[in-house]
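Residue numbers (the numbering used here): 31 to 284.
In this text, a Cβ means the ideal position worked out from N, Cα and C, and glycines have one as well.
Predicted model, so just to flag it, every value in this text is computed and none were measured.
In structure tokens:
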């Protein structure tokens, strides 16, 4: 049976999905802040939670409403720092009102990674309406060849996926964050917020953010990092675009 885990101050405790109350799991009207490493992420989330999918951009507080198929394709796409002309940009609150019986999925890192670090998170998380539960979710694969950090790697992804008899998906869910008008209220101890403030490693234009907004991004970022057992990094979407350009000059992606 698939196992999930809940974020605690002293570690990550495992629990079975079928044995837990809905209060500990994403439900309709809540927001899922998911890691993003593979096109399988969207398929898995769709099968388990039947959510509404969105795309985030680094410094934009709105999200783009996308379909499941678009979410899958974005795992193979070039990183984008700005929405394309004609994109369906909306507030998260609008989607929650329009689809009250489904949760909303956000990929706050804005692009896929190799699963070995958490990128700076998008400001779109700050636009979640007050009193809405945000659930950080980390998805990891064994073996790790199911990830698609490089754009256009359709064939290599299928080759690696079909070349192994099995792939294991490990999903871990952190304790939810309840967004508030003056910041956020964690489902756990309030002392966790001050700890995150003291141990902040990564800044993303923090001079434009209030203290509660910084704390919210830090909590979600630290939760994703801890659940995935990785570190937060300071390289964002633009840095990945630059890396992909240099990589493409000397190597071929297939």
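- Residue 105 carries a coil assignment under DSSP once its states are collapsed to helix, strand and coil.
- When DSSP reads this structure, residue 95 sits in a beta bridge with 84.
- Contact annotation, residue 195 with residue 152: C-beta distance approximately 37 Å; criterion of less than 8 Å not satisfied.
- Residue 170 is classed as buried because its beta carbon has at least 16 other beta carbons within 10 Å across all chains shown.
- Non-local C-beta neighbours of residue 58 in its own chain, meaning closer than 7 Å and more than five positions away in sequence, comprise 130, 131, 132, 133, ordered along the chain.
- Within the DSSP bridge table, the entry for residue 166 names 63 as partners.
- In this structure, the CA atom of residue 189 is about 10 Å from the CA atom of residue 176.
- Here residue 171 carries a strand assignment [DSSP, helix/strand/coil].
- By the Cβ neighbour-count rule, residue 202 is buried, with 16 or more other Cβ atoms within 10 Å of its own.
- The straight-line gap separating the alpha-carbon atoms of residue 273 and residue 180 is approximately 10 Å.
- When secondary structure is reduced to three states using DSSP, residue 256 falls in the helix class.
- CA-CA distance, residue 110 to residue 278, rounds to 17 Å.
- Residue 91 places its beta carbon less than 8 Å from that of residue 154.
- Apart from the 5 residues on each side of it in sequence, residue 117 sits with its Cβ closer than 7 Å to the Cβ of 94 in its chain, given in chain order.
- Residue 165 sits away from residue 101, with the two beta carbons spaced by 8 Å or more.
- Apart from sequence neighbours up to five positions away, no residue of its chain approaches residue 280 with a beta-carbon distance below 7 Å.
- In this structure residue 128 is exposed. Its beta-carbon is surrounded by fewer than 16 other beta-carbon atoms within 10 angstroms.
- Assigned with DSSP and collapsed to three states, residue 240 falls in coil, not helix or strand.
- Restricting attention to 191, 108, 67, 68, the CA atom closest to the CA of residue 268 is found in 108.
- Taking 8 Å as the upper bound for CB-CB distance, residue 172 and residue 198 are in contact here, some 4 Å apart.
- In the DSSP assignment, residue 134 falls within the beta strand (DSSP E) that extends over 134-136.
- Shortest Cα-Cα distance from residue 207 to any of 251, 185, 146, 145 involves 251.
- Residue 210 sits away from residue 157, with the two beta carbons spaced by 8 Å or more.
- Residue range 267-280 is occupied by the alpha helix (DSSP H) that includes residue 267.
- Annotation for residue 243: 156 place their beta carbon closer than 6 Å to its own, counting only its chain and skipping 5 residues before and after.
- DSSP places residue 204 outside both helix and strand once states are collapsed to three, so it counts as coil.
- Boundaries of the alpha helix (DSSP H) around residue 69: 69-79.
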